[in-house]
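Under the working numbering, the first residue of the sequence shown is numbered 1204, with each subsequent residue one higher.
The C-beta atom is built at its ideal place from N, Cα and C for all residues, glycine as well.
Read the structure below first, then the notes.
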Amino acid sequence: MRFDSYHPAINFIFFGVVITAAIAFNQPVFLAIGYICFFLYSVKLNGKKAVIFNLVLIPCIILFALFYSGYNHFGVTNLAVNFIGNMITLESLVTGLVIGVTIASVLIWFSCMNAVVSSDKVVYLFGRISPRLSLFLSILLRMVPRIKERAHKINVAQRAIGRGTGQGNFFRRIRNFLRIASIVVTWTMENMIETSDSMKCRGYTLKGRSAFSIYRFDYRDRSFVLAIFWCIAVLLMGVLLDQTRIMYNPEIILNRVTPLSWIFYSAYAFLCLLLMLLQMIGEKRFEQKKRSRFRAYGNFG
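Laid out in structure tokens, this is it:
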């Protein structure tokens, strides 16, 4: 059972917690656990596209670390001198790697969130609080796929008259691209105005407006919330005991890893892998029910 079948509030709570943890925890063990778990869940959720996206992020992390260490000078462990004569230190290089892994982890989680949280969930959560904000977010979430589809249609139509983005010489291709981009921008602005006016005419921004929804907070959602808050409580204990922090300036100072530290590592790994475990369990149950029904129908025949 995928995570998108849970209540929208649960989706936002979970992604809010893991994204906050990915930004706040700079300890190497937590970074490694988080990045590996995020990588695995994104591949489980999005398939080959996630593999390509995640692998592209790895050289970007390395390049950012080299750039960061070349222009930020702190630390006591000298490694080399760059082309402009500045000293590269181990502390600045590791800090650049930490920042790069953090940014990559957040991007991976946002890609998972984009696959799980749909526009109707955003409208459901924010519709009662702020109808205007809900309308803006729903239009914004639908904008990217609709612009992509519209640009493809316009390009096909322009290609039929010899004005496609891949036709002509270099300068003509640029001119064709700018023409298509102008058409897409004009269509997008007109469509946003029409959508906004249409929703206002339907009374979308009125106070006390009711809306139909298929979401219900059941026992499964309550159990998931309890599991999340149990992990949060354990991680907060780790924060209070300084198990999630490390010093990089002026030298790398890491707290001693104790048997208690493995409890915090396990809790964080369990939190990050919770969605993938639930999906794997749901798929296994579905296959078992499918086989049992097939056997029952086969015996009946």
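- DSSP places residue 1455 in the coil class of the three-state scheme, outside both helix and strand.
- Under DSSP, the beta-bridge partners assigned to residue 1281 are 1292.
- Distances from the CA of residue 1242 to each of 1478, 1484, 1363 and 1298 were compared; the closest alpha carbon is that of 1478.
- Assignment of residue 1449 by DSSP, reduced to helix, strand and coil, places it in the strand class.
- The three-state secondary structure of residue 1229, taken from DSSP, is coil.
- Comparing alpha carbon positions, the residue from 1261, 1491 and 1354 closest to residue 1302 is 1261.
- Per DSSP, residue 1364 lies in no alpha helix (DSSP H) segment and is marked neither H nor E.
- In the structure shown, the three-state DSSP call for residue 1355 is helix.
- Looking at the backbone, the Cα of residue 1251 and that of residue 1279 are separated by about 42 angstroms.
- Secondary structure at residue 1328: helix, using DSSP grouped into helix, strand and coil.
- Taking a contact to require three or more Cβ pairs closer than 8 angstroms, the region 1447 to 1456 and the region 1268 to 1285 qualify as touching.
- Considering only 1473, 1384, 1424 and 1438, the residue with the shortest C-alpha distance to residue 1228 is 1438.
- Excluding sequence positions up to five before and after residue 1428, its CB lies within less than 8 angstroms of the CB of 1213 and 1216, all in the same chain and listed in chain order.
- Assigned with DSSP and collapsed to three states, residue 1370 falls in coil, not helix or strand.
- Between the alpha carbons of residue 1424 and residue 1364 lies a distance of about 55 angstroms.
- Between residue 1232 and residue 1468, the gap from beta carbon to beta carbon is short of 8 angstroms.
- Residue 1348 counts as exposed, since fewer than 16 other C-beta atoms from the protein chains shown sit within 10 angstroms of its C-beta.
- Take the alpha-carbon of residue 1417 and the one of residue 1336: they are about 21 angstroms apart.
- Counted as a single uninterrupted DSSP element, the stretch harbouring residue 1419 is not any alpha helix (DSSP H), since DSSP gives it neither H nor E.
- Inter-residue distance for residue 1244 and residue 1366 is about 42 angstroms (C-alpha atoms, whole angstroms).
- Leaving aside the five residues that flank residue 1234 on each side, the residues in its chain whose CB is nearer than 8 angstroms to its CB run, in chain order, 1228, 1301, 1304, 1305 and 1308.
- Put simply, the backbone Cα of residue 1237 is about 46 angstroms away from that of residue 1361.
- With respect to residue 1482, residue 1206 sits close: the two C-beta atoms are nearer than 8 angstroms.
- Taking 8 angstroms as the cut-off, the beta carbon of residue 1376 is found closer than this to the beta carbon of residue 1368.
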